Amino acid sequence: MQKRGIFSLVLLLALSNLFAAQDITDLGTAYELVIAETSLAEAETNTASSVSVITKEQIAVYNAQTSAELIDKAVGTAIQSYGSLGSLQNVVIRGATSSKNLIYVDGVLFSSAHDGTVDLSSIPVSIIERIEVVKSGPGNLGRTNAIGGMVNIITKKGQKTNTPFTLTFENGSFLPQAYGASNSRNYLSLVDSQKIDFSYTNNEIVATVGGIAAQNAYTYSDGATRSLRENAQLYEAHGAVNYNRAFSDSLQFSTQNYAVYKNLGVPGSTSWGLTPNNAMRDTVVNTTNTIEASDVTDSLQRLSTNLHYTYGQTFNHDATYGDSTHTKHKASAQMEGVWNLGQNYALNTDLLYGLDYVDSTDVGRNTRHTISTSAHGSVYFMDGALSLHPSLNIAYLSDLKALSPNASLGAIYTPVKNLDFKATISYAENSPSFSQLYWPFMGNPNLKTEKGLNGELGLETKWKAISFEGVVFGRNIYNAIVNDSSWIPQNIAHGVYLGTEQSLNLELSKIFNIQASYLYNKSFDLSAGKTFSDNVEVTGIRKHTVKGSLFLTLDRFESVLSTEYLGKSSTLDSALLLNLSVTMQVSKALRAYLAVDNLLNTDYELVSGYPMPGTKIRLGGTLRF
Numbered sequence: 002m003q004k005r006g007i008f009s010l011v012l013l014l015a016l017s018n019l020f021a022a023q024d025i026t027d028l029g030t031a032y033e034l035v036i037a038e039t040s041l042a043e044a045e046t047n048t049a050s051s052v053s054v055i056t057k058e059q060i061a062v063y064n065a066q067t068s069a070e071l072i073d074k075a076v077g078t079a080i081q082s083y084g085s086l087g088s089l090q091n092v093v094i095r096g097a098t099s100s101k102n103l104i105y106v107d108g109v110l111f112s113s114a115h116d117g118t119v120d121l122s123s124i125p126v127s128i129i130e131r132i133e134v135v136k137s138g139p140g141n142l143g144r145t146n147a148i149g150g151m152v153n154i155i156t157k158k159g160q161k162t163n164t165p166f167t168l169t170f171e172n173g174s175f176l177p178q179a180y181g182a183s184n185s186r187n188y189l190s191l192v193d194s195q196k197i198d199f200s201y202t203n204n205e206i207v208a209t210v211g212g213i214a215a216q217n218a219y220t221y222s223d224g225a226t227r228s229l230r231e232n233a234q235l236y237e238a239h240g241a242v243n244y245n246r247a248f249s250d251s252l253q254f255s256t257q258n259y260a261v262y263k264n265l266g267v268p269g270s271t272s273w274g275l276t277p278n279n280a281m282r283d284t285v286v287n288t289t290n291t292i293e294a295s296d297v298t299d300s301l302q303r304l305s306t307n308l309h310y311t312y313g314q315t316f317n318h319d320a321t322y323g324d325s326t327h328t329k330h331k332a333s334a335q336m337e338g339v340w341n342l343g344q345n346y347a348l349n350t351d352l353l354y355g356l357d358y359v360d361s362t363d364v365g366r367n368t369r370h371t372i373s374t375s376a377h378g379s380v381y382f383m384d385g386a387l388s389l390h391p392s393l394n395i396a397y398l399s400d401l402k403a404l405s406p407n408a409s410l411g412a413i414y415t416p417v418k419n420l421d422f423k424a425t426i427s428y429a430e431n432s433p434s435f436s437q438l439y440w441p442f443m444g445n446p447n448l449k450t451e452k453g454l455n456g457e458l459g460l461e462t463k464w465k466a467i468s469f470e471g472v473v474f475g476r477n478i479y480n481a482i483v484n485d486s487s488w489i490p491q492n493i494a495h496g497v498y499l500g501t502e503q504s505l506n507l508e509l510s511k512i513f514n515i516q517a518s519y520l521y522n523k524s525f526d527l528s529a530g531k532t533f534s535d536n537v538e539v540t541g542i543r544k545h546t547v548k549g550s551l552f553l554t555l556d557r558f559e560s561v562l563s564t565e566y567l568g569k570s571s572t573l574d575s576a577l578l579l580n581l582s583v584t585m586q587v588s589k590a591l592r593a594y595l596a597v598d599n600l601l602n603t604d605y606e607l608v609s610g611y612p613m614p615g616t617k618i619r620l621g622g623t624l625r626f
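Encoded structure:
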């Protein structure tokens, strides 16, 4: 605690010397920088970084199958999906691939040192309350490895209700289509997938158990003909228990726990030839436990201690290269303080110890101890109209014997009500994963840390029923890790990303609501001596992405028609996608929905060689009692 206090005071004194701060008469809740540990949105007005939030209400009306589908609704995000339901899914943020983005669940880092990422298909939609995305590096959160951005998935909490039991069910079907030289038809697709969830909720507990079974037997374009996606079946079971208890007004305890088991076929890439005998079994068990004390002292508003542990095991049956097993243990202990140091200053500090241990048949046994300390705060001027938001994080990684610094500075200027001008600049580093370092014959133990510099200028405004956010951004990623011609990772890549992001929300009436966004992302590959004048783009980056959602609320009906245009990249064709979801409140207890995914039956890929499903019709409902 003494070290944390000294670190906080050092930062505070530095800020005091840099800025002649004024007294502030009314800051409201601006001092409480509760950002990464529980919610990004709670302090959204306090961060200069661009933040997108997928709300509880939006999740209910989208009726999405996976957490990745929900994240894809956020402005500036894209999804890498290896085909069918249950397959590996990662997030791309403004062109930064998955290993350069951090995934949090309830404010706790989930990204693995084994491969540097998180399989989003292993986080069930049924446990999600809302999703929050930061798109410009670590922002004022001061976290490591976030060269691209961050995603915080917040799970459901207990609440008082008169209907504590909920049963959710769904059946999904693909439209039968002729395929193959014999023009066979896949009528099995009429009952392709089934999902069920059962949950119990009171004011302290929410508990869920459920599962999914799917054949994923859809057709895809294979040159001049259509083929059937085979060996893509999924069997998944999941359960979760969240418990919150307030012992007093100033002391509370919470625990979040979930487990997922997946057994699925792995059909492989159509570009490299199908491997119908491959399969995977994946297990994830997670627990997060937090004790939080508020109003500890006059200056220490909140002190929380967090203990986290995740166990994961993946078994791969590979008919070509042999079986492999990867067992992963991830543990952390974190202490966070929220400080109010006068009317002009607010400060968050935290101290973290993290452990990553992997026992893999491929990369062997490897351990990474991480010790980090961070501070992120706010300084206010001009009666609160101008604020600065600095952050600093320093982490030590034991296996690399290296210090990893991350820092940012943001500014917010509010000349009039409902008009914010924002600017942020950040520096972040991304350490190589165990797979990149130690994979047999294809690893490189001499890899260096990737480095990234992010900058962002934007404005946010709201006028009556219109909300608008406009951002211009730049990202410079150097020392980046890519595979050379021998598929051995090397620090030889250098990419620059320049673009703009625009989002618009129109509340036309109580019935209609329109959300639209446009992302332009121009990339430059500056590797191997190339220059801007060469105009070589980074492989796989889509230059144009357009998203839109039309929400309609009428009496007992809620519906959303969403569309997404994915521009062409160097490896992927363009695609226009259209999805429809209609929800009806049949009675006080019963809610039914009809969802149509890929309404246009577009042939497309999100990862080269892995065809995505065509039109799928899903019929489901929720019964409360």
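Position in the sequence shown (from 1) plus 1 gives the number in the working numbering.
Glycine is no exception: its CB is placed at the ideal position from the N, C-alpha and C atoms.
In this text the structure is predicted, and so the values were computed from the model without any measurement.
| Item | Value |
| --- | --- |
| Excluding the 5 residues flanking residue 439 on each side, which residues of the same chain have their C-beta closer than 8 Å to its C-beta? | 364, 365, 367, 446 |
| Does residue 615 come out as helix, strand or coil in the three-state DSSP assignment? | coil |
| Going by the CB atoms, is the gap between residue 214 and residue 188 shorter than 8 Å? | no |
| When you compare only the Cα positions, how much space is there between residue 356 and residue 371? | 6 Å |
| Is it true that the CB of residue 497 sits closer than 8 Å to the CB of residue 477? | yes |
| At 3 residues or longer, what runs of the beta strand (DSSP E) sit wholly inside the segment 239-318? | 252-266, 280-295, 301-318 |
| Is it the case that the Cβ atoms of residue 449 and residue 492 are separated by a distance below 8 Å? | yes |
| Since residue 336 sits in a beta bridge, which residues does DSSP pair it with? | 306, 352 |
| Can you check whether the CB of residue 126 is closer than 8 Å to the CB of residue 104? | no |
| Is the beta carbon of residue 106 closer than 8 Å to that of residue 132? | no |
| Have a look at 54, 525, 543, 541 and flag the residue whose alpha-carbon is nearest the alpha-carbon of residue 535. | 525 |
| Between the alpha carbons of residue 621 and residue 564, how many angstroms are there, rounded? | 22 Å |
| Report the rounded CA-to-CA distance for residue 608 versus residue 527, giving the unit in angstroms. | 23 Å |
| Evaluate residue 78 with the Cβ neighbour count: other Cβ atoms within 10 Å of its Cβ, from every protein chain shown; 16 or more gives buried, anything less gives exposed. | buried |
| Terminal residues of the continuous beta strand (DSSP E) containing residue 470? | 467-484 |
| Out of curiosity, what's the CA-to-CA distance linking residue 84 and residue 116? | 20 Å |
| Quick one: residues in its chain with C-beta nearer than 6 Å to the C-beta of residue 619, no 5 flanking neighbours on either side, listed in chain order? | 171, 173, 596 |
| If we ignore side chains and look at the alpha-carbon of each, how far apart do residue 500 and residue 58 end up? | 30 Å |
| Just tell me which of 457, 443, 353 has its CA closest to the CA of residue 486. | 443 |
| Can you tell which of 248, 583, 590 has its C-alpha closest to the C-alpha of residue 292? | 248 |
| Answer yes or no: do residue 321 and residue 590 have a C-beta to C-beta separation smaller than 8 Å? | no |
| Sort 179, 219, 218, 199 by Cα distance to residue 211 and report the nearest one. | 199 |
| Can you pull the DSSP bridge partners for residue 1? | The question about residue 1 has no answer here: the residues shown for the chain are numbered 2 through 626. |
| If you draw a straight line from the C-alpha of residue 402 to the C-alpha of residue 369, how long is it? | 10 Å |
| Which parts of the segment 126-206 are runs of the beta strand (DSSP E), unbroken and 3 residues or longer, counting only runs that do not cross its ends? | 129-135, 151-156, 166-175, 194-202 |
| Could you name the residues of the same chain whose beta carbon sits closer than 8 Å to that of residue 181, not counting the 5 residues immediately before and after it, in chain order? | 226, 227, 228, 229 |
| For residue 56, is the classification buried or exposed, using 16 other Cβ atoms within 10 angstroms of its Cβ as the cut-off for buried? | exposed |
| By the DSSP assignment, the beta strand (DSSP E) with residue 578 in it spans what residues? | 576-586 |
| Output the distance between the C-alpha atoms of residue 314 and residue 340, rounded to the nearest integer angstrom. | 39 Å |
| How big is the Cα-Cα spacing for residue 540 and residue 434? | 21 Å |
| Where does residue 121 fall in DSSP's three states? | helix |
| What residue range is occupied by the uninterrupted alpha helix (DSSP H) comprising residue 61? | 57-63 |
| When the Cα of residue 268 is compared with those of 257, 232, 240, which residue comes out closest? | 232 |
| Out of curiosity, what's the CA-to-CA distance linking residue 616 and residue 197? | 21 Å |
| Taking the alpha carbon of residue 373 as the reference point, which residue from 383, 362, 361, 350 has its own alpha carbon closest? | 350 |
| Which term fits residue 482, buried or exposed, when burial requires 16 or more other beta carbons within 10 angstroms of its beta carbon? | buried |
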